[in-house]
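Residues in the sequence shown are numbered consecutively from 7, following this note's numbering. We put the beta carbon where it would ideally sit given N, CA and C, even for glycine. Below is one structure, written out as structure tokens; comments come after it.
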Amino acid sequence: ESQLNPNYNFDNFLEGDSNRLARSAGMAVANKPGGTSFNPLLIFGGVGLGKTHLAHAIGVEIKDKYPEKTVLYISAEKFTQQYIESVKKNTRNDFIHFYQLIDVLIIDDVQFFSGKSGTQDVFFHIFNHLHQNGKQVILTSDKAPVDMQDIEQRLLSRFKWGLSAELQTPDFETRVSIVKNKLYRDGVEMPDDIIEYVAKHIKSNVRELEGAIISLIAQSSFNKKEVTIELAKQVVEKFVKNTKREVSIDYIQKVVSDYFQMDVSTLQSKTRKRHIVQARQLAMFFAKKFTKASLASIGSQIGKRDHATVLHACKTVDNLSSTDKQFRKYVEDLTKKLSL
Ligand code: ADP
Ligand code: MG
């Protein structure tokens, strides 16, 4: 069985600036699976932005156009479980053989492979076989390949062979159309000003936006009340409160420089003085830990460094905090200050 969800298709995946590239690359792949340079096609982006939806849509469309092709959708987590099971049962070769016969393989959330070397190894072999035979591979991930951690280099380099397309946060217009389209399909009516109010305030995650709308409908029907702006305000407030606020990289740099009694400009400077380098590395480490920013973006905001420098900083902080007692104290103090 393909495991595809027919409710996730291109028709109900609304187009906007935030997803145009990924969506059209997906369409191109669906028209000619294995026959474009988008192989693998890697779709990446934050939670709730439509990666799973788009991955299914591509598979559904291929199955529609090419019924004879075998298409398989699987989460990276399930793939990993199946692999571990096959090792236990001594059927690793059957596992590999099964996957090598598929025409279109869709693996969702490949960041789950991080640190799992056995699974990465088996996937590497399956990938090579499929790719060499002109079969299509579609992957999704919460990060771009450059920001993936604990994934083997040889696999990362293959991820970059095809196209990496980002799903970004949809703008206001797109959020409104997504909600309107969903309500229309569900046969629910809601005044425009209310839809716009909710779409204005819930912006970083389509799943949450849909959740807020569903909760609004539920509350109004439960209380047998009209959906009003007041009710919308209450629902939005609850959603916004429940979403953890993210500390900014500026704020992290300020807290770290204050702690070491230096200026932010000193922390960002090119100096190699040990205590300043350490402060800078700590700022990078906390930016990685407490924000969703990519390594590249952290580097550029903390003294215009590259992503490799940030990665090195994170590793250094990890190492030092397990070997150096004073340094561990810095990490603990700063963690407390930043977690408020
Ligand atoms: P992800 O896998 O990136 O976490 P999902 O694919 O699960 O996100 O999407 C979350 C919800 O948002 C789903 O209900 C999906 O249908 C909806 N969604 C996301 N983007 C769009 C879009 N462009 N058009 C319509 N619905 C969307
Ligand atoms: Mg998903």
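query                                                                                                                                          : result
State the beta-bridge partners of Ile49 as determined by DSSP.                                                                                 : Thr146, Ala171
Assign Val283 to one of three DSSP states: helix, strand, or coil.                                                                             : helix
Please determine whether the Cβ atom of His135 lies at a distance below 8 Å from any heavy atom of the ligand ADP.                             : no
For my contact list, Pro12 and Val143 are in at a C-beta cut-off of 8 Å; report their separation, rounded to the angstrom.                     : Not really, about 22 Å apart at Cβ, beyond 8 Å.
What's the C-alpha gap between His207 and Asp312?                                                                                              : 34 Å
Tell me the DSSP bridge mates of Ser110?                                                                                                       : For clarity, residue 110 is Val in the given sequence; the question names Ser instead. Answer is Val77, Gln142, bridged to Val110.
Verify the contact flag: Tyr79, CB atom, against every heavy atom of the ligand ADP, threshold strictly below 8 Å.                             : no
In chain order, what residues have a CB nearer than 5 Å to some heavy atom of the ligand ADP?                                                  : Phe19, Leu20, Val53, Gly54, Leu55, Gly56, Lys57, Thr58, His59, Ile184, Val212, Arg213
Classify Phe16: buried if its beta carbon has 16 or more other beta carbons within 10 angstroms, exposed otherwise.                            : buried
Verify whether the separation of the beta carbon atoms of Phe266 and Ala293 is less than 9 Å.                                                  : no
Taking the alpha carbon of Glu83 as the point to measure from, which residue in Val66, Leu10, Ile102, Asp115 has its own alpha carbon closest? : Asp115
Name the residue from Phe296, Arg191, Ser328 whose alpha carbon lies nearest to the alpha carbon of Ser345.                                    : Phe296
With a Cβ-Cβ cutoff of 9 Å, do Asn134 and Arg164 count as a contact?                                                                           : yes
Got a sec? Which residues, its chain only, sit under 7 Å from Phe333 by beta carbon, not counting five neighbours each side?                   : Leu326, Ser327
Mark Asn99 as exposed unless 16 or more other C-beta atoms lie within 10 angstroms of its C-beta, in which case mark it buried.                : exposed
In chain order, which continuous runs of the beta strand (DSSP E) of length 3 or greater are located wholly inside the region 155-227?         : 169-172
What distance in whole Å lies between the Cβ atoms of Glu179 and Gly22, which are believed to be in contact at a cut-off of 8 Å?               : 7 Å
Confirm the yes/no value for this check: CB of Thr329, any heavy atom of the ligand MG, distance under 8 Å.                                    : no
Report the rounded CA-to-CA distance for Lys38 versus Leu136, giving the unit in angstroms.                                                    : 15 Å
Round the Cβ separation of Met157 and Phe119 to the nearest angstrom and send it over; I've been treating them as touching at under 8 Å.       : Rather than Met, the amino acid found at residue 157 in this sequence is Ile. So it is a contact: roughly 6 Å between Cβ atoms.
Measuring from the CB of Thr146, is there a heavy atom of the ligand MG at a distance below 8 Å?                                               : yes
For the candidate residues Ile255, Ser30, Met154, Gln174, whose alpha-carbon lies nearest to that of Lys122?                                   : Met154
Taking contact to mean at least 3 C-beta pairs separated by less than 8 Å, is the region 196-210 in contact with the region 223-238?           : yes
Alpha carbon to alpha carbon, how far is Leu60 from Leu169? Give it in angstroms, no decimals.                                                 : 15 Å
Cα separation between Ser24 and Lys260?                                                                                                        : 31 Å
In whole angstroms, give me the CA-to-CA distance for Val246 and Asn211.                                                                       : 11 Å
Is Gln267 helix, strand or coil by DSSP?                                                                                                       : coil
Leaving out five residues before and five after Val253 in sequence, what residues of the same chain have Cβ atoms less than 7 Å from its Cβ?   : Phe296, Thr297, Leu344
Distance check for Val194 and Asp324, CA to CA, integer angstroms please.                                                                      : 52 Å
Given the structure, does Leu324 come close to the ligand MG, in the sense that its CB is under 8 Å from one of the ligand's heavy atoms?      : For the record, residue 324 in the displayed sequence is Asp; it is not Leu. For the ligand MG, not one heavy atom lies less than 8 Å from the Cβ of Asp324.
Look at Ser30 and Ala150 and say whether their C-beta atoms are less than 9 Å apart.                                                           : no
Taking the continuous alpha helix (DSSP H) assigned at Gln307, which residues delimit it?                                                      : 301-307
Could you compute how far the alpha carbon of His318 sits from the alpha carbon of Ser227?                                                     : 54 Å
Taking Cβ to Cβ, would you say Gly56 is nearer than 9 Å to Ser8?                                                                               : no
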